[in-house]
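Taken in sequence, the protein lines are chains A and B. Sequential numbering from 1467 applies to the first sequence in the numbering used here. Sequential numbering from 60 applies to the second sequence in the numbering used here.
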Amino acid sequence: MNNNDIKTNYYDDDIVRKFAMITLVWAGVAFLVGLIAALQLAFWPLNGGLEWITFGRLRPLHTNAAIFAFAGNAIFGGMYHSTQRLLRTRLFSDTLSRIHFWGWQLVILCAAISLPLGFTQGKEYAELEWPIDILITLVWVVFAINFFGTLYKRREKHMYVAIWFYIATILTVAVLHIVNSIAIPFSFMKSYTVWAGMQDALVQWWYGHNAVAFFLTTPFLGLMYYYVPKILNAPIYSYRLSIIHFWALVFIYIWAGPHHLLYTSLPDWLQTLGMVFSVMLWAPSWGGMINGLLTFKGRWHLVRSEPVWKFLIAALTFYGMATFEGPLLSIKSVSALGHYTDWIVGHVHGGALGWNGFMIFAMLYYLVPKLWNTELYSKKLAEQHFWLGLVGIILYYVSMVVAGVTQGLMWKAVDSNGLLVYPEFIETVVRIIPLYWIRALGGLLYIIGFVLMVYNIVKTVKSKKAPLTDTAIANLVNENVKDNQPRLLEGYATVFSVLALLAVLVGTVIEIYPTLNVHRYVNPEITTQPFSALEQEGRDLYVREGCYLCHSQQIRPLVDEKLRYGDPSTIEESIYDHPYQWGSKRTGPDLARLGKKYPDMWHYRHMLDPREIQPKSIMPAYDWLAKKNIDYSQIKKKLNVLKNLGVPYTDEQVQNADVDAEAQAKVISEGLKQKGVAEKIENKEIIAMIAYLQALGQKGKK
Amino acid sequence: MSTILFMVAVALILSITFVVSYLWALSSGQFNDLDTPALRILKDDILKGTERKNHEQQ
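Below is the structure:
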């Protein structure tokens, strides 16, 4: 027997320890950045005048850290731990496991550097630029090979329900990431997505919603199906239900994306389809919650003394709440009120802090003592962590729902003369600022609870009894080999994986394929003018600063929006937008028809100090735009890439892009000079930004 | 209108596929044992303490 053979008789616990520890590190970062972002909304000067930590750049850092760093590492650790035990074999390759680990940390590091610097594709949860996207793809492939390799050499032929969820996760995330991230680079760190306008919106929310589905739900359901029975030492309530749960969930989830685009210029049939499937999704989601919660049946009295059980029950309850609220918000008439408001922010944090966060905490409290061969340092601290966390989430959730509904109703208020009751957007913002403070307090409590956990875990790890070793496997009989009877579907990994992938692809193809020919939906009488070179340059700055995270560019066909912002947005207007910038949240007003509404001077003063125009504004000042020079060096390449993607630029326009842009910049800066701007601003970024803002709503008119 | 027709066709094909695959699953015995898989995972199948030492000395 050589060394290698002996090794296969042990589970690889070292890799699980690595993922468990790094999860805590990134959790701290994600929570802290979230708290700062929350405080910035309550008190705008908190960006310290620094462009790198201004809300528009900090928010992607927070979401990426929470989803891909905190939840991501926890998923990998939990999957590697449970998969080995469920399949009774060591992971396929120690080397691949470690490439996976270090590769993923490299991705996170690249994100943590590039996002504050303003490198972004301008698509929510898919902000990372193309070189990092390629790195993610490579690491994911390593992960997939490692997982499916383990599946191939498994000693237990039957795959337990947790494994099904892992399979669906790995395959679907690969499809989502690749399709949504396809982009044509024009420089080392910048690119334009191949999708445009309505099509980009659809692909983005097909991705975005299923990032929630297949990164924050299916892997966690898999972990739930393993860790709830293990922690309770009781079988899952109904294995029968888990079969229905799995197939219904993976089939239905993928269709639900368009509910993020209700009342937009997305074709109506897609909106209806997204809404109907979102409502249907309620059933399988609650199937999973019920299956988890009823596993506690007959053991409820033990919950009193077991903090880890409390975390599990709260996590499942938050999952149930979020998956009830999701379908509710997907109903068009509810979306009319809730969309663009803080209600959505409350909704996602109920899921993220309650379901994902608490599941991870429960898993770590269970795993760390096991992996370090010791006992948890203090149950009491874990108990305190639970209550602090719970109160934190409730404060967060309630304040955000109240803020969202309040502001939504204020936006909609129309008096008997048919006029807006609150025509000034800022009035609706000032009203909810106190709730922003309460939200931040909720987040702070959640973080304090987390700090107790870190202390508890560190103490636990330090109390380890013996040198760390890998767990030895007792039963080494390979049941795949002595297999005489016909196996059921759950014993065939390849067939199962193909079927799961098919279930996911049906909805994908039916929704995305018809919009590939976007011109079917366009009114042929309307010719959309592409942005001028300078406007496009300004648009890239708009994306860089993350303006879309607080300002939408999509007016819905609702009475109050028509009164406040003008005619509803059309497909034609954004048809050449790479990426689309419709946005999903209105911390500030919609900008789709901002162009020509105010003079250039208004924008100049407003960007430098928003409070000079609107004393109560909570928008940070963007004074660096007046200090930095426009980088004309890429502009020809940019227009050329856009031209290749179908934007109707002529060869001349591409050739003369820099000359044209400088000429337009001169006109704008001369105009500002006449109004009394003394500084030399001809080459400054603020000119390009003004050019873009003045072009909003000016293209694609009849 | 063409979208509705397309969706009706898709709905019909999908629902027939689901019924057929359910009947196949039922008749091929996929649901014969819905208890042991849930119980099996509770068993750890690992070696600990002296058991492990003895095993490694062999």
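Just so you know, even glycine gets a beta-carbon here, dropped at the ideal spot from N, CA and C.
Taking 8 Å as the upper bound for CB-CB distance, A:Met1690 and A:Met1825 are in contact here, some 7 Å apart. Boundaries of the beta strand (DSSP E) harbouring A:Ser1653: Ala1649 to Ser1653, taken from the DSSP string.
Cβ atoms of A:Ala2058 and A:Gly2142 stay farther apart than 8 Å, at about 30 Å. Here the C-alpha atom of A:Met2067 lies approximately 6 Å from the C-alpha atom of A:Leu2138.
Residues are counted here when their Cβ sits less than 8 Å from a Cβ of chain B; for the stretch 1841 to 1864 of chain A the count is zero. Under the three-state reduction of DSSP, A:Val1880 is assigned to strand.
Pairing A:Asn1530 with A:Glu1622 gives a Cβ-Cβ distance that is not under 8 Å. Approximately 6 Å separates the beta-carbon atoms of A:Ile2147 and A:Ala2092; this is inside 8 Å, confirming the contact. For A:Tyr1658, the uninterrupted beta strand (DSSP E) segment begins and ends at Lys1656 to Thr1659.
Annotated three-state conformation of A:Asn1989 is coil, per DSSP. Taking CB atoms only, A:Thr1789 has no neighbour in chain B less than 8 Å away.
With at least 16 other beta carbons inside 10 angstroms of its own, A:Asp1808 counts as buried. Contact check for A:Tyr1785 against A:Trp1735 fails: the beta carbons are separated by 8 Å or more.
In the DSSP assignment, the residues bridged to A:Tyr1476 are A:Ala1938. Our two residues, A:Gly2112 and A:Tyr2042, have alpha carbons roughly 8 Å apart in a direct line. Distance check between A:Ser1796 and each of A:His1675, A:Glu1841, A:Lys1776 and A:Ala1714 places A:His1675 closest, using alpha-carbon atoms only. Counting only the Cα atoms, A:Asp2056 lies some 10 Å from A:Gly2032. Judged by DSSP in its simplified three-state form, B:Ile105 adopts strand. Assigned with DSSP and collapsed to three states, A:Leu1955 falls in helix.
When beta bridges are read from the DSSP output, A:Lys2051 appears opposite A:Tyr1806.
Any Cβ of chain A closer than 8 Å to the Cβ of B:Gln116 would place that residue at the interface, and such an atom is absent. Fully enclosed alpha helix (DSSP H) runs of no fewer than 4 residues are not present anywhere in the stretch 2133 to 2160 of chain A. Counting only residues of its own chain and dropping the five nearest sequence neighbours on each side, A:Gly1915 has a CB closer than 6 Å to the CB of His1851, Leu1854 and Gly1855. The Cβ of B:Val69 sits closer than 8 Å to at least one Cβ of chain A. Taking a 10 Å sphere around the C-beta of A:Pro1526, we find 16 or more other C-beta atoms and assign the residue as buried. Between A:His1815 and A:Met1866, the CB-CB gap stays under 8 Å. One finds Asp104 in chain B with Cβ atoms closer than 7 Å to the Cβ of A:Asn1941, taken in chain order. Residue-level contact check: A:Ala2157 does not touch chain B, since none of the beta carbons of chain B fall below 8 Å from its beta carbon. Exposure of B:Asp94 is indicated by the presence of fewer than 16 other C-beta atoms within 10 angstroms of its C-beta.
In this structure, the straight-line span from the alpha carbon of A:Leu1524 to that of A:Phe1585 is close to 12 Å. Counting C-beta atoms within 10 angstroms of its own C-beta, A:Tyr1979 has fewer than 16 neighbours from the protein chains shown and is therefore classed as exposed. For B:Leu85, not one C-beta of chain A is nearer than 8 Å to its own C-beta. In the structure shown, A:Leu1581 adopts coil according to DSSP, grouped into three states. Between A:Tyr2046 and A:Gly1663, the beta carbon gap of about 5 Å places them in contact (Cβ cut-off 8 Å). Of the candidates A:Leu1837, A:Ala1938 and A:Tyr1673, A:Ala1938 places its Cα closest to the Cα of A:Ile1472.
For A:Ala2131 against A:Leu2000, the beta-carbon gap comes to about 6 Å, under 8 Å, which counts as contact.
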